[in-house]
Structure formats: structure tokens, C-alpha cells
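Peer 1: One structure coming up, written as C-alpha cells, with questions to follow.
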Amino acid sequence: MKILVLNGSPKGDLSVTLQYVHYLQKVNPECSFKTYNIGQQIRKIENDPAFFAEIIEQVRQADGVLWAFPLYILIVHAHYKRFIELIFERGVQSTFAGKYAATLSTSIHFFDHTAHNYMHGICDDLGMRFVEAFSPDIVDLLEEKGRAQLEQFGRHFLEAIRMQSPYQRRYPVIQPREFTYEPGPAPLPVQTGGKKVVILHDGIRLNSNIDRLVARCQANFSGAVTVIDLNDIEMKASCQGCLKCGASYHCAFEGKDGFIDFYRAQVMAADLLIYAGTIVDRYLSSRWKTFFDRSFFNTHTPVLAGKQVAFVISGPYSQLPNLNEILMGYVEFQMAHVVGIVSDEYGSSAEIDALVDRLMGSMLSQAVEDSSRPMTFLGIGGMKIFRDDIWGRIRIIFPADHNAYKKLGFYKTFPQNDLRQRLLNLVMMPLLSIPKFREEFNKQMLHQMIRPLQQKVDQAG
41 MKILVLNGSP
51 KGDLSVTLQY
61 VHYLQKVNPE
71 CSFKTYNIGQ
81 QIRKIENDPA
91 FFAEIIEQVR
101 QADGVLWAFP
111 LYILIVHAHY
121 KRFIELIFER
131 GVQSTFAGKY
141 AATLSTSIHF
151 FDHTAHNYMH
161 GICDDLGMRF
171 VEAFSPDIVD
181 LLEEKGRAQL
191 EQFGRHFLEA
201 IRMQSPYQRR
211 YPVIQPREFT
221 YEPGPAPLPV
231 QTGGKKVVIL
241 HDGIRLNSNI
251 DRLVARCQAN
261 FSGAVTVIDL
271 NDIEMKASCQ
281 GCLKCGASYH
291 CAFEGKDGFI
301 DFYRAQVMAA
311 DLLIYAGTIV
321 DRYLSSRWKT
331 FFDRSFFNTH
341 TPVLAGKQVA
351 FVISGPYSQL
361 PNLNEILMGY
371 VEFQMAHVVG
381 IVSDEYGSSA
391 EIDALVDRLM
401 GSMLSQAVED
411 SSRPMTFLGI
421 GGMKIFRDDI
431 WGRIRIIFPA
441 DHNAYKKLGF
451 YKTFPQNDLR
461 QRLLNLVMMP
471 LLSIPKFREE
481 FNKQMLHQMI
491 RPLQQKVDQA
501 G
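Using my numbering, read the sequence shown as starting at 41 and increasing by one per residue.
Next comes the structure, spelled out in C-alpha cells:
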């Protein structure tokens with residue numbers, strides 16, 4: 041049985057994920073595993089047609105394809121994303137059709153589900169027979185339980201291929217509409233009042249919908265608005281995963297291209313950030329993914345706190361709830377505020393004009409108010425994952441994060457740091473083991489829960 045491994049790590053053979061693949065290979069010697077380092081060799085894949093054709097031929101010969109990748113900013117690495125784009129751009133989807141597929145990632149479980157959802161959707165779009173997703177922690181291979189789970193995953197995948205098991209598509213086919221957005225008369229522009237407005241987009245295509253949407257956003261503001269095409273930013277490559285930034289936020293690319301200076305001077309200095317892009321497969325473009333990956337020079341430290349953020353999307357955004365979760369999670373963890381999202385998938389041009397104009401006006405008014413909202417699980421859950429691991433096992437790799445988390449007060453959210461609650465638990469838990477006390481406590485509990493809230497309600501106004 042032939043298994044083709046498409047490795048998404050930019051570190052190639054030094055990939056942690058690839059060690060899990062090597063383990064599967066060792067415990068399944070009857071199978072042939074062939075690996076291509078897609079994430080590391082994307083430039084050659086893109087520029088050498090013969091090499092790309094070689095990979096596609098290996099797909100044709102394979103019995104199963106294992107998509108193996110590390111997590112990079114809530115999804116796969118930008119170079120892996122670019123490879124997926126090339127599959128569709130060069131029309132070789134049929135080579136993947138009918139092949140059995142599985143996904144294997146390594147991470148600390150920060151939005152690993154959104155990465156696997158994305159890859160499952162891509163496999164469905166390619167007509168592959170998706171078997172299973174496997175998402176271990178980066179160190180699970182060191183534990184007996186982790187190895188056992190990995191072996192089980194391998195058995196399930198290989199058995200599905202041997203048995204030619206049936207499969208059911210999970211993600212519906214995306215249905216974009218054929219629509220040309222034609223904006224109406226320009227809106228009355230509003231003074232920004234000293235607020236810095238930055239619009240980022242992934243390459244304006246002349247007379248495209250995203251071209252016109254960006255222009256409409258800009259027309260809402262009087263005065264200087266910075267509009268930046270990401271293709272004009274010098275980015276030699278996406279993040280290489282070298283972790284040099286962990287000590288003091290210094291990227292290996294610093295001084296070698298223009299990204300760091302651009303990000304600090306424009307993105308981190310903005311008050312209003314508008315991200316504009318066209319949907320490509322089930323995400324934005326790989327250029328946008330490169331932008332997000334390269335922003336990791338700030339590692340796990342939020343640097344967009346207090347900013348007002350909006351997304352302007354060309355394409356069927358509502359059909360991609362996984363993309364919505366990715367974008368919302370990213371902004372929430374950055375401690376920024378999402379004002380809203382507008383896409384061109386519904387409504388007439390006049391209705392889209394009204395939506396864009398309202399969104400831009402809301403951004404400005406909320407920037408003046410310094411508006412914010414409570415985090416949802418996306419931000420709170422992500423913050424706690426990073427808080428725990430930065431405090432613990434990966435502190436020595438990311439001391440810059442550790443110092444920032446102390447200043448930001450992230451460690452104060454540890455439950456053991458709440459002395460009042462610890463004392464209350466110490467007193468109450470033994471008492472609640474007494475049946476009569478527990479019965480009386482249950483009678484009073486709901487009233488006691490709302491009493492301090494009622495006091496604030498009474499004081500309001």
C-alpha cells in the first residue's frame with residue numbers, strides 16, 4: 041500500500057509533525073510512505089512545472105494521501121495554502137478524486153479544530169474520501185497513551201483504504217454568485233478626527249468587486265486614509281518556524297525585507313483596521329495567510345488591543361462558518377473589537393453600499409468612544425491555552441511572551457490567585473457536605489446569585 045505524505049511544515053525534515061509520520065511508518069512496515077516537504081519547497085513547486093507534475097503523479101499512484109502539517113495562526117501554513125491554490129489553478133483536482141485522505145497536525149491545541157475543518161473541506165472539494173483527523177499535542181509522542189492513539193489512527197486510516205470503506209461528504213459545495221458590484225454616488229465623507237485608518241487588501245484586481253469595495257470604504261473618510269496592497273509589501277517568504285522571535289520579538293527576516301517595519305508603522309499604529317479580501321477556496325488568499333503568519337514575530341502577545349476592526353469580503357462568506365470562526369478568534373485573542381463584516385454575496389449594489397457606509401461610520405464612532413465588547417469563548421479559551429503553556433512548558437522558548445503576560449495581568453486569572461474564592465471554598469465545601477446545610481443553601485442559591493446584580497440595576501440611571 042502506497043501512502044503519500046504532504047508535509048506542510050516550512051522546517052521540512054526538522055518538523056515535529058513529521059516525527060509522528062515517521063512513527064506511523066515504523067509501526068506499519070508493510071506500507072510504503074513517500075514524503076514531499078510542501079511547506080519548505082513551495083517556491084520550487086510553484087516555479088518548476090516538472091516538480092509539480094512529479095508530486096501530482098505520486099498522488100495518482102498513491103492509495104492514500106496523508107496531509108500532515110503544524111498549526112500556523114489558526115490554520116495551515118501559508119505555503120501549504122499556496123500549494124492547495126495551485127491544485128485548483130492548474131486544474132489537477134481530478135487526480136485527488138477518489139483517493140483516501142486523512143489529516144495529522146501537531147500543536148498546543150489553539151484552534152486546531154479550525155485547521156482540520158479547513159483541510160476536511162478541501163478534501164471534500166477535491167472529491168477525496170476523508171477518513172479521519174488526528175490532532176495530538178506536540179509532545180504526545182513521548183507518552184504511551186499518545187503513541188497508542190497514533191497507532192489507532194494509523195490503523196483506522198489504512199484499514200479504510202484496504203476495505204474501500206464508503207465515505208460521506210461533510211461540507212457542502214460552495215455556491216458563489218455571479219454578481220458585479222457597481223457602487224453608487226460617493227457617500228458624504230466624514231472627518232476621521234485624528235484617528236488613523238488603514239485598509240489592507242490582497243491585491244486590487246482592476247474593476248473587480250474587491251477593488252470597488254475598497255474604494256467605497258476609502259470614500260467614507262475625509263482626509264488621509266492609508267490603503268495598502270499586501271503585494272506591495274516586501275515579504276521574502278512566510279514564517280519559517282525558527283522561533284527566533286520568542287526571546288525578544290526579533291524575526292529572522294528583520295532587516296531582510298520590509299514586513300516588520302510595515303507592520304509596526306501601519307498595522308500596530310492604526311485605530312481603524314479594515315481587512316479586505318476575496319475568498320479563495322475556503323479561506324482568503326495565500327497572500328493574506330502570509331500576512332498573518334509573518335505577524336507571528338509578535339509571538340503570542342496581543343498587539344492590536346483596543347483597535348476597531350472590520351472585514352470586507354468578496355465571496356460567499358456566509359457559506360464558510362469555519363472562516364468566520366478563524367477571523368473572529370484571531371481578532372478576539374488580539375484583544376481588538378470586531379465592528380462588523382460586509383460581503384458582496386447578498387443584496388443589490390445599493391444595499392451593499394448602505395452596508396459598507398454604515399460599517400465605516402460605526403467603526404469611526406466606536407473608535408471615538410473607545411468601544412469594546414466582552415470576549416467570547418474564542419478569545420477567553422485561546423488566552424487560557426497560551427497563558428498556561430507560556431507560564432509552564434514553553435516559557436523558555438517564549439520569554440518575551442512571559443514578560444508581556446506578567447505586565448498584562450494574564451497570570452492573575454489563575455484560579456489559585458483568587459485568595460477570596462479559595463477561602464470561601466475552604467469554608468463552604470465541608471459545610472455543603474452536611475445534608476441540611478446543602479438543602480438550605482439550594483433554597484437560597486438563586487436569590488443570592490442575583491442579589492449583587494440587582495443592586496447594580498437599582499443604582500443604574
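The C-beta atom is built at its ideal place from N, Cα and C for all residues, glycine as well. These numbers come from a predicted model, not from an experiment.
Taking C-beta to C-beta, are Val238 and Ala310 nearer than 7 Å?
Peer 2: Here residue 238 refers to the residue found at position 198 when the sequence shown is read from its first residue. Here residue 310 refers to the residue found at position 270 when the sequence shown is read from its first residue. Yes.
Peer 1: Is the distance from the Cβ of Gly422 to the Cβ of Phe150 below 7 Å?
Peer 2: Sequence index remark: in the sequence shown, residue 422 carries index 382 (1-based). Sequence index remark: in the sequence shown, residue 150 carries index 110 (1-based). Contact: yes.
Peer 1: What are the boundary residues of the alpha helix (DSSP H) that includes Leu466?
Peer 2: One-based indexing of the sequence shown puts residue 466 at position 426. Note, Leu466: alpha helix (DSSP H), Leu459 to Leu472.
Peer 1: Report the residue from Ile366, Cys282 and Gly243 whose alpha carbon sits nearest the alpha carbon of Val267.
Peer 2: As a first step, residue 267 must be located in the sequence shown, where it is residue number 227. Closest by alpha carbon: Gly243.
Peer 1: How many Å lie between Pro356 and Asn482 at the Cα?
Peer 2: Within the sequence shown, numbered from 1, the residue matching residue 356 stands at position 316. Within the sequence shown, numbered from 1, the residue matching residue 482 stands at position 442. Their backbone Cα atoms lie some 49 Å apart in a straight line.
Peer 1: Figure out for me which residue from Glu372, Gln359 and Ile366 has the closest Cα to the Cα of Gly346.
Peer 2: By 1-based counting over the sequence shown, the position of residue 346 is 306. Per the Cα distances, Glu372.
Peer 1: Whose C-beta lies closer than 8 Å to the C-beta of Gln461 among residues of the same chain, with five residues either side of it excluded?
Peer 2: Counted from its first residue, the sequence shown places residue 461 at position 421. These residues qualify, in order along the chain: Pro455.
Peer 1: Tell me which same chain residues have a C-beta within less than 7 Å of the C-beta of Tyr211, skipping the five on either side of it?
Peer 2: Walking along the sequence shown from the start, residue 211 turns up at place 171. Excluding positions up to five away in sequence, the list reads His160, Gly161 and Asp164.
Peer 1: Are the stretch 321-328 and the stretch 373-382 touching by the rule of at least three beta carbon pairs closer than 8 Å?
Peer 2: Short answer: they don't touch.
Peer 1: Between the alpha carbons of Asp53 and Leu44, how many angstroms are there, rounded?
Peer 2: In the sequence shown, residue 53 corresponds to position 13, counting from 1. In the sequence shown, residue 44 corresponds to position 4, counting from 1. Near 15 Å, if we compare the C-alpha coordinates of Leu44 and Asp53.
Peer 1: Once you ignore the five residues that flank Lys276 on each side, which residues in its own chain have a CB closer than 8 Å to its CB?
Peer 2: On the sequence shown, residue 276 is found 236 positions in, with the first residue counted as 1. So the list reads Phe293, Lys296 and Asp297, once near-sequence residues are dropped.
Peer 1: Quick one: residues in its chain with C-beta nearer than 7 Å to the C-beta of Gly263, no 5 flanking neighbours on either side, listed in chain order?
Peer 2: Position 223 of the sequence shown, counting from 1, holds the residue named residue 263. Once the five neighbours on either side are set aside, the close Cβ partners of Gly263 are Gln231 and Thr232.
Peer 1: Give the secondary structure of His160 by DSSP, where H, G and I count as helix, E and B as strand, and everything else as coil.
Peer 2: The sequence position of residue 160 within the sequence shown is 120, counting from 1. Helix.
Peer 1: What do you get for His487, buried or exposed, if any count of 16 or more other CB atoms within 10 angstroms of its CB means buried?
Peer 2: To locate residue 487, count along the sequence shown from 1; it is residue 447. Burial call: exposed.
Peer 1: Using DSSP bridges, identify the partner residues of Phe174.
Peer 2: For the purposes of this step, residue 174 is identified with residue 134 of the sequence shown, where counting begins at 1. Phe174 pairs with Leu144.
Peer 1: For Ala250, tell me which candidate among Tyr60, Lys51, Ile392 and Phe109 has the shortest Cα-Cα distance.
Peer 2: Here residue 250 is taken as the residue at index 210 of the sequence shown, counted from 1. It should be pointed out that residue 250 corresponds to Ile in this sequence rather than to Ala. It is Ile392 whose Cα lies nearest to the Cα of Ile250.
Peer 1: Is there contact between the stretch 55-67 and the stretch 88-99, where contact requires at least three CB pairs shorter than 8 Å?
Peer 2: Judged by Cβ distances under 8 Å, the stretch 55-67 makes no contact with the stretch 88-99, as fewer than three pairs qualify.
Peer 1: What span of residues does the beta strand (DSSP E) with Gly317 cover, start to end?
Peer 2: Start at 1 with the first residue of the sequence shown, and residue 317 comes out as number 277. Start and end: Leu312 to Thr318.
Peer 1: State the Cα-Cα distance for the pair Lys236 and Leu395, rounded to the nearest angstrom.
Peer 2: The residue given as residue 236 occupies position 196 in the sequence shown. The residue given as residue 395 occupies position 355 in the sequence shown. One C-alpha to the other measures close to 21 Å.
Peer 1: Taking 7 Å as the threshold (C-beta atoms), are Pro176 and His117 in contact?
Peer 2: For the purposes of this step, residue 117 is taken as the residue at position 77 of the sequence shown. For the purposes of this step, residue 176 is taken as the residue at position 136 of the sequence shown. Result no, Cβ atoms of His117 and Pro176 do not sit closer than 7 Å.
Peer 1: Checking the sheet assignment: what are the DSSP bridge partners for Asn68?
Peer 2: Within the sequence shown, the letter at position 28 stands for residue 68. None, per the DSSP bridge assignment.
Peer 1: With three or more beta-carbon pairs closer than 8 Å as the criterion, would you say the stretch 437-444 touches the stretch 458-473?
Peer 2: No: fewer than three Cβ pairs fall under 8 Å.
Peer 1: Since Val396 is in the alpha helix (DSSP H), which residue starts that stretch and which ends it?
Peer 2: Position 356 of the sequence shown, counted from the first residue, corresponds to residue 396. Note, Val396: alpha helix (DSSP H), Ser389 to Glu409.
Peer 1: Do Asp88 and Asn260 come within 7 Å of each other at the CB atom, strictly closer than that value?
Peer 2: In the sequence shown, counting from the first residue as 1, residue 260 sits at position 220. In the sequence shown, counting from the first residue as 1, residue 88 sits at position 48. For Asn260 and Asp88, no; Cβs fall outside 7 Å.
Peer 1: May I ask which residues mark the beginning and end of the beta strand (DSSP E) holding Ser383?
Peer 2: Against the sequence shown, residue 383 aligns to sequence position 343. Looking at the DSSP string, the run of the beta strand (DSSP E) that includes Ser383 is His377 to Ser383.
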